[in-house]
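Worksheet for the structure shown next.
Residue numbers (the numbering used here): 183 to 582.
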């Protein structure tokens, strides 16, 4: 375990508190967006202190990250209320005069709102979602730790992070927050609503909750409800986190060992046997320790603790378990799916063992305007993040 001061410093450099301040030595306006250079991010909280982070940005790089605090209290599906929440989000491009070029991307478990970073194969100049043509929005989900309210956010009543006192979050709560941001941005209709995995859960919920707002759906490696298999995996991950005696402490490094173990479990489901054998097999038959596959798993866990909050991870796996389109609607899930009449491109990854193609076939069977496509890929569930070329080809042939 790192010393407390080092843990706090690493936390400050990877987590955006609600009141982070941005200063810039040079700001200019370029088509309605701000271009920053030599930006200083200062984090000032009693627990963390003041650790400046210098971000060297290219002159042409747009700082697309923004925050929004909706007016009034936010009521969660569990019945709890927060007096104020914050939503962190990115926008790329400009809205057309008629507002018919909006693309909204919903992200998965540990991603953030910078879709041009984690989905660079689909978002960017010359890509399927091009800021020169599209107005692209991606919001950090409720309960996360990248600018939107979550366990790492400061509780105004105590001046300390919410921690496990943060309300239980559901996918519908995430969509509710998206809807508030959507109204704030003056968007009345989304041309394409896209999401993979947990992002697909949000897209499906939004199509049911507000059908008039959604034009088309791009759904990847997702389902109408969280499967028993998925719930079992998430429960196992939470057991790993809870086995770390520090996981519920009010400390920036709380639960790091447990989070690394949870990430290791997740990495087994995001890929598959074929991928590990092909990429992580040791060529040396004489090895007795320090295997390549072990190093890979340890490295992935170390990467995650540098950028994510343990209690957010625990909370968001609970949110994924809550996903069920039929909950509270007094209709079978099949009838709920039949009510989704937007054109939908549903993409499955043949080697996905976490949310296998059978789940996407169910969507397509019941959604009347949907099209089912399979991508041949060895990358399993992570294929929706990796197979940008194949996804782009399918998307362009569908959305023409």
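For glycine and all other residues, C-beta sits at the position ideal for the given N, C-alpha and C.
Original post:
Taking the continuous alpha helix (DSSP H) assigned at residue 414, which residues delimit it?
Top reply: The residue given as residue 414 occupies position 232 in the chain shown. Per DSSP, residue 414 belongs to the alpha helix (DSSP H) from 410-424.
Original post:
So which of 495, 319, 542 has the shortest CA-CA distance to residue 416?
Top reply: Taking the chain shown and counting its residues from 1, one reaches residue 416 at position 234. Among 495, 319, 542, the Cα nearest to that of residue 416 is on 495.
**OP:** Report the partner residues of residue 552 according to the DSSP bridge assignment.
**Re:** For this step, residue 552 is matched to residue 370 along the chain shown. DSSP lists 526 as partners of residue 552.
Original post:
Grouping DSSP H, G and I as helix and E and B as strand, with all else coil, what is residue 572?
Top reply: Locating residue 572 in the chain shown gives position 390, counting from the first residue. Reduced to three states, the DSSP call for residue 572 is helix.
Original post:
For the alpha helix (DSSP H) that contains residue 359, what are its first and last residues?
Top reply: Along the chain shown, read from residue 1 onward, the residue named residue 359 stands at position 177. Residues 353-366.
Original post:
Under the rule that 16 or more other beta-carbon atoms within 10 Å means buried, what is residue 197, buried or exposed?
Top reply: Numbered from 1 along the chain shown, position 15 holds the residue referred to as residue 197. In this prediction, residue 197 scores a pLDDT of 38, lower than 50, which makes its location untrustworthy; no coordinate-derived value is stated.
**OP:** Use the C-beta contact count for residue 278: other C-beta atoms within 10 angstroms, 16 or more gives buried, fewer gives exposed.
**Re:** To locate residue 278, count along the chain shown from 1; it is residue 96. Exposed is the call here.
Original post:
Exposed or buried, which one is residue 551 when buried takes at least 16 other CB atoms within 10 Å?
Top reply: By one-based count along the chain shown, residue 551 stands at place 369. Residue 551 comes out exposed.
Subject >> DSSP-derived helix/strand/coil call for residue 263 >> reply: Residue mapping note: residue 263 aligns to position 81 of the chain shown, counting from 1. In this structure, residue 263 counts as strand in the three-state DSSP scheme.
Subject >> Beta-carbon gap between residue 292 and residue 490 smaller than 8 Å >> reply: Numbered from 1 along the chain shown, position 110 holds the residue referred to as residue 292. Numbered from 1 along the chain shown, position 308 holds the residue referred to as residue 490. For residue 292 and residue 490, yes; Cβs fall inside 8 Å.
**OP:** Return the CA-CA distance between residue 559 and residue 445, expressed in angstroms with no decimal places.
**Re:** Indexing the chain shown from 1 puts residue 559 at position 377. Indexing the chain shown from 1 puts residue 445 at position 263. Near 22 Å, if we compare the C-alpha coordinates of residue 445 and residue 559.
Original post:
If you compare alpha carbons, which of 261, 266, 257 is closest to residue 249?
Top reply: Here residue 249 refers to the residue found at position 67 of the chain shown. Checked all of 261, 266, 257; the closest Cα to residue 249 is 266.
Original post:
Hey, how far is the Cα of residue 324 from the Cα of residue 531?
Top reply: As a working note, residue 324 is residue 142 in the chain shown. As a working note, residue 531 is residue 349 in the chain shown. Approximately 27 Å between the Cα atoms of the pair.
**OP:** Would you kindly report the start and end of the unbroken beta strand (DSSP E) that includes residue 445?
**Re:** Counted from its first residue, the chain shown places residue 445 at position 263. Note, residue 445: premise wrong, no beta strand (DSSP E); alpha helix (DSSP H) at 438-452.
Original post:
Beta carbon of residue 501, beta carbon of residue 390: below 8 Å?
Top reply: Along the chain shown, read from residue 1 onward, the residue named residue 501 stands at position 319. Along the chain shown, read from residue 1 onward, the residue named residue 390 stands at position 208. Contact flag unset, no.
Original post:
Buried or exposed: residue 225, going by 16 or more other Cβ atoms within 10 Å of its Cβ?
Top reply: Translated into positions along the chain shown, residue 225 becomes position 43. Residue confidence is low: residue 225 scores 30 on pLDDT, short of 50, so the model does not pin down where it sits. Its coordinate-derived value is still stated next. Counting Cβ neighbours within 10 Å, residue 225 comes out buried, since at least 16 surround it.
Subject >> Straight-line Cα distance separating residue 548 from residue 210 >> reply: Numbered from its first residue, the chain shown carries residue 210 at position 28. Numbered from its first residue, the chain shown carries residue 548 at position 366. Only weak support is given to the placement of residue 210: the predicted model assigns it a pLDDT of 28, under 50, and the question is left unresolved by the model.
Original post:
beta strand (DSSP E) containing residue 248: first to last residue?
Top reply: By 1-based counting over the chain shown, the position of residue 248 is 66. Run containing residue 248: 247-250, per the beta strand (DSSP E) assignment.
Subject >> For residue 288 and residue 381, believed in contact at Cβ under 8 Å, the rounded distance >> reply: Here residue 381 corresponds to residue number 199 of the chain shown, with the count starting at 1. Here residue 288 corresponds to residue number 106 of the chain shown, with the count starting at 1. Confirmed, Cβ separation roughly 4 Å.
**OP:** In angstroms with no decimal places, state the Cα-to-Cα distance between residue 398 and residue 431.
**Re:** Indexing the chain shown from 1 puts residue 398 at position 216. Indexing the chain shown from 1 puts residue 431 at position 249. About 43 Å.
Original post:
First and last residue of the beta strand (DSSP E) that includes residue 396?
Top reply: Looking up residue 396 in the chain shown gives position 214. From DSSP, the beta strand (DSSP E) with residue 396 extends over 396-402.
**OP:** Just grab the DSSP bridge partners of residue 489 for me.
**Re:** What you label residue 489 is simply residue 307 of the chain shown in a count that begins at 1. DSSP output for residue 489 lists no bridge partner at all.
Subject >> Status (buried if at least 16 other CB within 10 Å, exposed otherwise) for residue 442 >> reply: As a working note, residue 442 is residue 260 in the chain shown. Per the 10 Å Cβ criterion, buried.
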